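Trainee:
Protein chains in written order, with our numbering: chain Y, 1 to 140; chain Z, 1001 to 1564.
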């Protein structure tokens, strides 16, 4: 009777690449996704700043508070809602009495992150802009 | 010797490097984004600050004037002449000052052409010098950047530059970034002319505005509401009687706006010189710097073109035209040797409150041919003024001298328009006659009033009232100037306009011995007469002139007798 000869196979290499890739992915994918979220947040913040600026400028060109608010709202409507930007609205609006002084406007933008992390699925950005009212004539 | 085990762990190492690279790239990207965001925030804050500079430069930088100064009435943004003045001339008001000086110079020039300049020419020179002095002071203040820094910080600091760091703000960066420019050259100023070239802008008769001194709105497309209005041209020398007048251009109904640096730089006085030695600028550049903990961060420059959006009409706001009615008198004339007439007996007064009234003249010995004496019959005197309004006293019958009457009307209409500050309002001859013909003037004349003031209390409507009422209605300014005389010299415009004042009445002269009155020729008749004098005023002391009306009646009595 012959004893089976036990051969030692070199299995060490096989599958190790896969394991390493999985390990790398565990590190890299969250970093990449976090970067994606960060990019979205930065762009959203910039959009919110621009929205506040444009809305305040439009409002500052009006001669009454009502017209100023309407102009600011109209400006914000040009910002299209998307799957990422849930809402953009005026949070605070201050038109000086008689149009004397400066207008202060705050916008709030709710952003849904493309890759939500546990406990951090979205972010709310706030932007404030102050502009001199130029829509009124020199006061008498 | 290579072994297969060399590959083991290579993916891990690669992943580690990749992760590191990703992190570095991510952080780098974040920094770039923060930098760009900070730049944008700084620019936005600088824009807001610059706009505030363009806005506040119109109102918050001023040159003081004394309440008694000739231009004190221009120290207001209101068209209402009764509005209180704050004795400050600002960028928004400087064109009012220059245009009033221009109006004074025009009036002096027109009076000089008629030989009635008086002291008007000297006053015009003083007015232009005064306007230039105010203008130079204002220009110096506007060209001093430190005067504008506060306006910039006021707004720029309120705008967030959080991408630079928490607690950071944009503040003034003093230096070469603060400049001025003379933009919109040859565009309209905020001084509107009355009417159009076809009616000579209602300027004094015989005077024509220099070619190129006026323009219509230069905005393209033309905004609604501006119509065919004419304005003085900005940054163009306007020559009036050897004096140079300037205006700062402010396009009609434009707001303070941000402009491109290329346009701003192209119109700077240093780039493109102006004849005006010390021009008042209408555009400003402002430079700001976003700081964090005292260390420089970002900086930005903005350029703004100012505009008060407040037009005024070419006017002398606190001004008046005096109208004086002389005491009406009745004169008695006789014809001892026809056609030579002789006035005999004292002229008798009659008045608005007692007319008409029967009057009899003095008997004139030898007052007719072969007459021992002639006594005029009782005549009804005063029908020429009874119940008349001031307008009728000046303009109505007798009115054979129509061209002279038109001259008087033109002078008065021109001066009336010089009192109006509200753009678009034109005092037409009809409006003038309506004002002069009011029941108030009729009643005031009956009450014995002889001095009237034509003025505008609100810069929009015209009033004609006795002095006491004018002083009361324009209490903030009229009492200070109503005693001033026109600075020109008086000239008779309507010279003895006359007409019959009724039907001839028969009378019976006393004949010399052996004579008897000749039938049908012994009659007495009344003539209504009128003179109108015009004394121009430049408006330097508030008086735009004086109209003096002299109304009188003449009773002509012819006595003729023939030998028996």
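Even glycine gets a Cβ: it sits at the ideal position worked out from N, Cα and C.
Keep in mind it's a predicted model, so treat the numbers as computed, not measured.
Would you identify the three-state DSSP class for residue 131 (chain Y), choosing helix, strand or coil?
Mentor: Residue 131 (chain Y): strand per DSSP, three-state reduction.
Trainee: Name the DSSP beta bridge partners of residue 125 (chain Y), please?
Mentor: Paired residue(s): Y:109.
Trainee: If contacts are defined as beta-carbon pairs under 8 Å, then residue 1137 (chain Z) and residue 1063 (chain Z) qualify, I think. What distance do you get, rounded to the angstrom?
Mentor: Contact holds; Cβ gap of about 4 Å.
Trainee: One question on the structure: do residue 1309 (chain Z) and residue 1229 (chain Z) come within less than 8 Å of each other, judged by their Cβ atoms?
Mentor: Not closer than 8 Å, so no.
Trainee: Within a Cβ cutoff of 8 Å, which residues of the same chain sit near residue 1038 (chain Z), ignoring the five residues on either side of it in sequence?
Mentor: 1161, 1163, 1164, 1290, 1297, 1298, listed in sequence order.
Trainee: Can you name the residues that DSSP bridges to residue 1532 (chain Z)?
Mentor: Answer by DSSP bridge pairing, in chain order: Z:1494, Z:1549.
Trainee: Going by DSSP, name the residue or residues bridged to residue 1288 (chain Z).
Mentor: DSSP, once it has assigned bridges, lists Z:1172, Z:1300 as partnering residue 1288 (chain Z).
Trainee: Taking only the alpha-carbon atoms, compute the straight-line gap between residue 1215 (chain Z) and residue 1186 (chain Z) and give it to the nearest angstrom.
Mentor: Each residue's Cα considered, the two are about 8 Å apart.
Trainee: What do you reckon, are the CB atoms on residue 1232 (chain Z) and residue 1099 (chain Z) nearer than 8 Å?
Mentor: Yes; because the gap between Cβ atoms is below 8 Å, this pair is in contact.
Trainee: So, is residue 77 (chain Y) buried or exposed, given that buried needs 16 or more other C-beta atoms within 10 angstroms?
Mentor: Answer is exposed; the Cβ neighbour count stays below 16.
Trainee: Taking DSSP as the reference, what is the three-state secondary structure of residue 1391 (chain Z)?
Mentor: Here residue 1391 (chain Z) sits in helix by DSSP.
Trainee: Cβ closer than 7 Å: which chain Z residues qualify as neighbours of residue 135 (chain Y)?
Mentor: Result: 1255.
Trainee: Mind listing the chain Z neighbours of residue 109 (chain Y)? Cutoff is C-beta to C-beta under 9 Å, in chain order.
Mentor: Those do not exist, as residue 109 (chain Y) stays about 15 Å from chain Z at its closest Cβ, beyond 9 Å.
Trainee: Just to confirm, are residue 1300 (chain Z) and residue 1043 (chain Z) a CB contact at a threshold of 8 Å?
Mentor: Yes. Within cutoff.
Trainee: Does the region 1147-1158 of chain Z touch the region 1271-1281 of chain Z, meaning 3 or more C-beta pairs lie closer than 8 Å?
Mentor: Flag = no, the region 1271-1281 of chain Z and the region 1147-1158 of chain Z do not touch.
Trainee: When you compare the CB positions of residue 1329 (chain Z) and residue 1349 (chain Z), do they come within less than 8 Å of one another, or not?
Mentor: A contact, by the Cβ cut-off of 8 Å.
Trainee: Indicate whether the contact test is met: 3 or more Cβ pairs, each with one atom in the region 1535-1545 of chain Z and one in the region 1378-1396 of chain Z, closer than 8 Å.
Mentor: Segments in contact, no.
Trainee: Can you give the beta carbon distance from residue 1202 (chain Z) to residue 1413 (chain Z), rounded, assuming they're within the 8 Å contact cut?
Mentor: About 6 Å; that satisfies the 8 Å criterion.
Trainee: How close, in whole Å, do the beta carbons of residue 146 (chain Y) and residue 60 (chain Y) come, if the pair is a contact with beta carbons under 8 Å?
Mentor: Outside the shown range of chain Y, which is 1 to 140, sits residue 146 (chain Y), and nothing can be said about it.
Trainee: Extract the residue ranges of the beta strand (DSSP E) inside the region 1304-1385 of chain Z, only unbroken runs of 3 or more that lie entirely within it.
Mentor: Listed in chain order, the complete beta strand (DSSP E) runs (minimum 3 residues) inside the region 1304-1385 of chain Z are 1320-1325, 1329-1337, 1340-1343, 1357-1359, 1371-1374, 1379-1381.
Trainee: Taking C-alpha atoms, which residue in Z:1304, Z:1089, Z:1376 lies nearest to residue 1524 (chain Z)?
Mentor: Nearest C-alpha to residue 1524 (chain Z): Z:1376.
Trainee: So what does DSSP say about residue 1197 (chain Z), is it helix, strand or coil?
Mentor: Of the three classes helix, strand and coil, the one that applies to residue 1197 (chain Z) here is helix, per DSSP.
Trainee: State yes or no: is the beta carbon of residue 96 (chain Y) nearer than 8 Å to at least one beta carbon in chain Z?
Mentor: Answer no: the Cβ-Cβ gap between residue 96 (chain Y) and chain Z never drops below 8 Å.
Trainee: Beta strand (DSSP E) containing residue 1464 (chain Z): first to last residue?
Mentor: Counting along the chain, the beta strand (DSSP E) containing residue 1464 (chain Z) begins and ends at 1463-1466.
Trainee: Looking only at its chain, what residues have a beta carbon closer than 6 Å to the beta carbon of residue 1118 (chain Z), apart from the 5 residues adjacent to it on each side?
Mentor: Excluding residues within five positions, the ones whose Cβ falls inside 6 Å are 1487, 1488, 1489.
Trainee: Spell out the partners DSSP gives residue 1499 (chain Z) in its beta bridges.
Mentor: Answer by DSSP bridge pairing, in chain order: Z:1528.
Trainee: Terminal residues of the continuous beta strand (DSSP E) containing residue 1216 (chain Z)?
Mentor: Note, residue 1216 (chain Z): beta strand (DSSP E), 1214-1216.
Trainee: Pick from Z:1562, Z:1057, Z:1302, Z:1481: whose alpha carbon is nearest that of residue 1455 (chain Z)?
Mentor: It is Z:1481.
Trainee: What is the rounded straight-line gap between the Cα of residue 1224 (chain Z) and the Cα of residue 122 (chain Y)?
Mentor: The straight-line gap from Cα to Cα measures roughly 48 Å.
Trainee: With 8 Å set as the bound, which would you pick, yes or no: does the beta-carbon of residue 1159 (chain Z) sit closer than that to a beta-carbon of chain Y?
Mentor: Yes, contact with chain Y.
Trainee: In chain order, what residues of the same chain have a beta carbon less than 8 Å from the beta carbon of residue 1003 (chain Z), not counting five sequence neighbours either side?
Mentor: Because residue 1003 (chain Z) sits at a pLDDT of 48, beneath the cut-off of 50, its placement in the model cannot be relied upon, and the point is left open.
Trainee: If I measure Cβ to Cβ from residue 1446 (chain Z) and keep anything under 6 Å in the same chain, skipping five residues before and after, which residues do I get?
Mentor: Excluding sequence neighbours, residue 1446 (chain Z) sits near 1352, 1353.
Trainee: Are residue 1245 (chain Z) and residue 1066 (chain Z) close, meaning C-beta to C-beta below 8 Å?
Mentor: Taking 8 Å as the Cβ cut-off, residue 1245 (chain Z) and residue 1066 (chain Z) do not qualify as a contacting pair.
Trainee: DSSP three-state call for residue 1433 (chain Z): helix, strand or coil?
Mentor: If DSSP states are grouped into helix, strand and coil, residue 1433 (chain Z) belongs with the helices.
Trainee: Report the rounded CA-to-CA distance for residue 133 (chain Y) versus residue 89 (chain Y), giving the unit in angstroms.
Mentor: If you take the alpha carbons of residue 133 (chain Y) and residue 89 (chain Y), they lie about 21 Å apart.
Trainee: Buried or exposed for residue 1001 (chain Z), please, with buried defined as at least 16 other CB atoms from any protein chain shown within 10 angstroms of its CB.
Mentor: Because residue 1001 (chain Z) carries a pLDDT of 46, less than 50, the predicted location of this residue cannot be relied on, and the following value inherits that uncertainty. The residue is exposed, with fewer than 16 neighbouring Cβ atoms inside 10 Å.
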